[in-house]
Structures are given as C-alpha cells and as structure tokens.
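In terms of the UniProt record's numbering, the numbers along the sequence shown are unbroken and rise by one, the last being 171. Below is one structure, written out as structure tokens; comments come after it.
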Amino acid sequence: MDIITQLQEQLNEMAMVAVNTFGTLQRDAPPVRLSNSYPDPLNPNPNPDDPASQPPQTQPGAPGQPQAQVQAQAQPPAPPPAPTLDLAEHPKAMSHALVLAAKKFDALVAALPLSSEEDQLKRIQELQAENEAVGSELQKQLEAAELELKQVEVLFNEATDNCINLKKPDQ
C-alpha cells in the first residue's frame, strides 16, 4: 500500500475517532447552568420547601383516586441499573485515541519523500519521455497488427472464393 493511501486511511480513522469523541462528550456531558436568570436544569424546583410550588399530594386510598394508582404508589420504583462505563475515564480514553491517531498521521507525513520543485519537474519530464517511448512502441505494434489483419483478410477472401467456386487452392 502506498503512503498516500495510508495517509487517506489514517485521516478517515482520525475523523471517525473525532466524531465519536465529540458525540460521546456531547451525550455524557452534564447540563450546565447558563446564568442565574435561567432555571437550574438539574433542579427545576429551586425552593423545595415552598408548599405553593409542590403539587398537591393525595393519600393512598383517598376517595376519587383509582385503585391502580394506589398500588403504584405503594411499590417504590426499581432503581436504574448502574452504568458499566466509567464516564469520567471514557472521554480521556477517547481523547487518547484521537491523539494517537494524530501522531500516527504525523509519522506518515514525516515519511513522505521530500523533493524540490526542480526534482519534481525533472521526474515529470522523465515520465513524459518514457510515455512517448512506450506510445511509439505501441503505435509500431498497432501498425504491424493492422498489416497482419489485412493479410489474414486477403487469405480469408481467397479461401471463401475457392470454397464458393469449388476450386482447389493454388499450389
């Protein structure tokens, strides 16, 4: 695999790691309070002791309350499953992977052969001369093939004429 292809693949890997890192950070980041004039996203009720801001509570089995609600209030909800991923370490690991991918890309760039503009122009001229030599050789082969094709056509026409006229081939 040539170095340019390796650079392209490494750049694609870096982009994928970056997108995954940013997406994970965005998904796992806790909400942040923009200013004091906005409500706190983690605590929508800033004064929990204020009875006017709390919804009215009814006693289980009170008149007008359905029996299903009474049973639902009697059983505490199941606790959510504990996360298996350490959210504090995950962004660090992803950032580390992004840095490693960038370092590998830098190493590939450093491995590129350095050449001056004069060297590149000289190489282009060499390749053009080689292209012209190969082109002229192909042209010669094409002319030889066309000549051979004409000879085969003449022989084929003679053979078909002899078959049609039922003549024996000339010897």
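For every residue, glycine included, the Cβ atom is placed at its ideal position computed from N, Cα and C.
Give the DSSP-derived three-state secondary structure of residue i in the structure shown.
i	result
residue 37	coil
residue 153	helix
residue 142	helix
residue 166	coil
residue 133	helix
residue 16	helix
residue 159	helix
residue 2	coil
Rounded to whole angstroms, how far is the Cβ of residue i from the Cβ of residue j, which I believe are closer than 8 angstroms?
i	j	result
residue 21	residue 98	6 angstroms
residue 108	residue 6	6 angstroms
residue 2	residue 90	35 angstroms between Cβ atoms; not a contact.
residue 10	residue 104	6 angstroms
Would you say the beta carbon of residue i comes nearer than 7 angstroms to a heavy atom of the ligand HEM?
i	result
residue 154	As far as ligands go, the structure on display features none, and thus does not contain the ligand HEM.
Quick check: is the beta carbon of residue i nearer than 8 angstroms to any beta carbon in chain C?
i	result
residue 166	Of the protein chains in the structure, only one exists, and it is not chain C.
For residue i, count the other beta carbons within 10 Å of its own beta carbon; 16 or more makes it buried, fewer makes it exposed. Which is it?
i	result
residue 15	exposed
Residue ranges of each alpha helix (DSSP H) run of no fewer than 4 residues wholly in the stretch 83-122, ordered along the chain?
-> Taking only runs of at least 4 residues, the alpha helix (DSSP H) segments lying wholly in the stretch 83-122 are 90-110.
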